[in-house]
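Contents: one structure, followed by commentary.
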Amino acid sequence: MITLYDCASAPSPRRARIFLAEKGVAYETVQVDLRNSEQLSSAYQTINLQRTVPALRTEEGGVLSDNAAITAYLEALYPQPALLGTTPNEKAQIASWNWRVEFEGLLAVAEALRNSAPSMANRALPGPVDYPQIAQLAQRGLARVQQFLVMLNEHLAERHFIAADSFSVADITAIVAVDFARIVKIKPGEHHPHLLRWRAAMMLRPSMSL
Numbered sequence: 028m029i030t031l032y033d034c035a036s037a038p039s040p041r042r043a044r045i046f047l048a049e050k051g052v053a054y055e056t057v058q059v060d061l062r063n064s065e066q067l068s069s070a071y072q073t074i075n076l077q078r079t080v081p082a083l084r085t086e087e088g089g090v091l092s093d094n095a096a097i098t099a100y101l102e103a104l105y106p107q108p109a110l111l112g113t114t115p116n117e118k119a120q121i122a123s124w125n126w127r128v129e130f131e132g133l134l135a136v137a138e139a140l141r142n143s144a145p146s147m148a149n150r151a152l153p154g155p156v157d158y159p160q161i162a163q164l165a166q167r168g169l170a171r172v173q174q175f176l177v178m179l180n181e182h183l184a185e186r187h188f189i190a191a192d193s194f195s196v197a198d199i200t201a202i203v204a205v206d207f208a209r210i211v212k213i214k215p216g217e218h219h220p221h222l223l224r225w226r227a228a229m230m231l232r233p234s235m236s237l
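Count along the sequence shown from 1, add 27, and you get the number used in the numbering used here.
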């Protein structure tokens, strides 16, 4: 059985949990305590040199150290339901939107949080190297998150899904980004009606409770 190195409170592992649930894949879980910097321990370094979560130990015994690798592996091993697209055009649309949502949404929230939270002093970026916080980046991150919600709301005006015509990994990344934004006190409101409609529909999926 595969093993997911997880942290229940972190957004990136949630992406992997939702993907696994949508695929219906059974797996074991090892919790990594980010609050106490367990990801930086020498023991975890032997599992994932990037010292981040999630990481996935495959059935073959190898370790995949990021969401991009995890989704590619699971999609290849369990092709149905297809979450990365089926036609060349779908695959391209989903890949493009998944990256855009990650860059404009998830990374913007992380920029705001990691450059302002006292608990993340000197940990402005994940991984093995310590980087100092930059207050101006926190402010820029907040502005980026606000714009991300505006962009996503407009994009969803006449759409039921983020990319293509069916649920995909882009929807997973987007729901995690929108929910993660609450940690910097930003969330969709009445001026984001299309985004709220989409989120309500997404939350009907059992995987979203993970």
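Beta carbons are placed, not taken as given, at the ideal position from N, Cα and C, and that holds for glycine.
Secondary structure of Gln163 (DSSP, three-state): helix. The three-state secondary structure of Thr200, taken from DSSP, is helix.
Here the alpha carbon of Gln66 sits roughly 8 Å from the alpha carbon of Val80. Ala82 is the residue among Gln107, Glu87, Tyr105 and Ala82 whose C-alpha sits nearest the C-alpha of Ala96. For Leu134, the enclosing alpha helix (DSSP H) starts and ends at Leu134 to Arg141.
Secondary structure at Gln58: strand, using DSSP grouped into helix, strand and coil. Straight across, the Cα-Cα distance linking Ala201 with Asp33 is about 19 Å. A distance below 7 Å between beta-carbons, with the five flanking residues on each side excluded, links Arg41 to the following residues of its chain, in chain order: Val203 and Leu237. Measuring C-alpha to C-alpha distances from Gln120 to each of Glu102, Ile74, Val196 and Asp206 identifies Val196 as the nearest.
Fewer than three pairs of CB atoms, one per stretch, sit closer than 8 Å, so the stretch 99-107 makes no contact with the stretch 170-189. Relative to Ser143, the option among Trp126, Pro108, Leu152 and Ile161 whose CA is nearest is Ile161.
Straight-line spacing of the CA atoms in Leu91 and Glu55 works out to 15 Å. Taking one beta carbon from each stretch, the stretch 217-230 and the stretch 144-164 have fewer than 3 pairs nearer than 8 Å; the two do not touch. Spatial neighbours of Leu133 in its own chain (CB-CB distance under 6 Å, excluding positions within 5 residues in sequence) are listed in chain order as Ala204. For the set Leu140, Ala190 and Ile189, the Cα lying nearest the Cα of Gln166 is the one of Leu140. Annotation for Met147: Leu140, Arg141 and Gln160 place their beta carbon closer than 8 Å to its own, counting only its chain and skipping 5 residues before and after. Taking C-alpha positions only, Ile189 is separated from Thr113 by approximately 16 Å. At a Cβ-Cβ threshold of 9 Å, Leu111 and Glu49 do not count as neighbours.
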